[in-house]
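Numbering (UniProt numbering), first residue to last: 1 to 342.
The structure appears right after this line, and notes come after that.
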């Protein structure tokens, strides 16, 4: 007796974990096509996007709004397959926002009140950026299209700590903030040294190009503190103190690194140094100075003693742990001296 022909596989019943793994490796256009196969595949694609699990590197796409798509959707033109797709996006309506930046798969947008929102079109994840640069507080929402010029992210916000760097008016200056935080920090430069036109992020630093073509490098791991001191032999030093935040909701900071440069006042240049030899350096709200351990042998040579001197935290809050310790330039590590609890 001849057996009936085998029926084709029912791909709609593919196990969810296998389907998610496959869809997670597809380019955006192919993900949309897979969602049109059946109800279960469509649900899997929506779940992949909504839970922020879709992070595959993409061929660059062009995103724009049209009257046909409406105010709450955008058109995505794929350079990979030369086709357009309509993508529903969450409020506030995308057509009513100004797009002021795009990097790492995220859009940085400004709504009608000049409030910033980060949006990932692939996952539809959103992040509200609280606070605003000082200029925004003065100008208000009506000038958002003039105020915000360009925004660059240090990485994918969904993967951890991320810095937002903005070129803004007046004078095309720079300000930065942590994504999701509410504190903006203005990078002060002279009028002629600002006039920034573009900015990128690479290997732990922002590189901003100004109108004359100069490129300035900014390393930001926390609000940086800069000190000047003299060694016991009379040389001038420039000290950069790098701090990290314990969390986005706290002003508490920890010193994570120190960079020290010897200053040549005649040549107007600095040279990176990695040792203080027999000196100990003291920085903070005190008078910055170096002391020879030959005169004070109980101090540790080639160490930096520091106390909390972050200007923003000193102005805004008093009841939190202070950053007090000693930093070894040889081991590149900090040790707490005391724990001055509030």
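Ideal Cβ placement from N, Cα and C applies to all residues, glycine included.
How long is the line joining the alpha carbons of residue i and residue j, rounded to whole angstroms?
{"i": "residue 157", "j": "residue 232", "result": "45 Å"}
{"i": "residue 269", "j": "residue 225", "result": "19 Å"}
{"i": "residue 98", "j": "residue 145", "result": "7 Å"}
{"i": "residue 240", "j": "residue 195", "result": "24 Å"}
{"i": "residue 327", "j": "residue 178", "result": "26 Å"}
{"i": "residue 298", "j": "residue 24", "result": "60 Å"}
{"i": "residue 323", "j": "residue 210", "result": "35 Å"}
{"i": "residue 215", "j": "residue 160", "result": "27 Å"}
{"i": "residue 338", "j": "residue 112", "result": "49 Å"}
{"i": "residue 282", "j": "residue 227", "result": "10 Å"}
{"i": "residue 10", "j": "residue 186", "result": "59 Å"}
{"i": "residue 35", "j": "residue 330", "result": "57 Å"}
{"i": "residue 234", "j": "residue 289", "result": "11 Å"}
{"i": "residue 229", "j": "residue 236", "result": "6 Å"}
{"i": "residue 22", "j": "residue 176", "result": "38 Å"}
{"i": "residue 293", "j": "residue 301", "result": "6 Å"}
{"i": "residue 295", "j": "residue 334", "result": "24 Å"}
{"i": "residue 67", "j": "residue 14", "result": "38 Å"}
{"i": "residue 203", "j": "residue 107", "result": "21 Å"}
{"i": "residue 183", "j": "residue 130", "result": "8 Å"}
Is the beta carbon of residue j closer than 8 Å to that of residue i?
{"i": "residue 32", "j": "residue 122", "result": "no"}
{"i": "residue 166", "j": "residue 148", "result": "yes"}
{"i": "residue 120", "j": "residue 198", "result": "no"}
{"i": "residue 45", "j": "residue 16", "result": "no"}
{"i": "residue 255", "j": "residue 325", "result": "yes"}
{"i": "residue 174", "j": "residue 208", "result": "yes"}
{"i": "residue 101", "j": "residue 152", "result": "yes"}
{"i": "residue 54", "j": "residue 63", "result": "no"}
{"i": "residue 41", "j": "residue 83", "result": "no"}
Give me, in chain order, the residues of the same chain whose beta-carbon lies closer than 7 Å to that of residue i; leave out the 5 immediate sequence neighbours on both sides.
{"i": "residue 69", "result": "75 and 86"}
{"i": "residue 128", "result": "117"}
{"i": "residue 265", "result": "236"}
Quick one: does residue i have its CB under 8 Å from some CB of chain B?
{"i": "residue 214", "result": "In the structure shown, chain B does not exist; there is a single protein chain."}
CB-CB under 6 Å to residue i, same chain, minus the five flanking residues each way: which ones, in chain order?
{"i": "residue 284", "result": "306, 307 and 309"}
{"i": "residue 19", "result": "44"}
{"i": "residue 81", "result": "29"}
{"i": "residue 154", "result": "162, 163 and 201"}
{"i": "residue 273", "result": "260 and 262"}
{"i": "residue 332", "result": "none"}
Among the options, which residue has its Cα nearest to the Cα of residue i?
{"i": "residue 61", "options": "108, 124, 172 and 78", "result": "78"}
{"i": "residue 189", "options": "217, 203 and 183", "result": "217"}
{"i": "residue 279", "options": "41, 38, 21 and 303", "result": "303"}
{"i": "residue 191", "options": "184, 287, 171 and 182", "result": "171"}
{"i": "residue 56", "options": "92, 124, 26 and 295", "result": "26"}
{"i": "residue 58", "options": "103, 266 and 277", "result": "103"}
{"i": "residue 88", "options": "287, 295, 124 and 301", "result": "124"}
{"i": "residue 271", "options": "184, 212 and 238", "result": "238"}
{"i": "residue 353", "options": "219, 212 and 291", "result": "This structure cannot settle anything about residue 353, because the visible part of the chain is limited to 1 through 342."}
If I measure Cβ to Cβ from residue i and keep anything under 8 Å in the same chain, skipping five residues before and after, which residues do I get?
{"i": "residue 126", "result": "90, 117, 118, 119 and 120"}
{"i": "residue 94", "result": "65, 71, 72, 73, 74, 109 and 119"}
{"i": "residue 37", "result": "11 and 12"}
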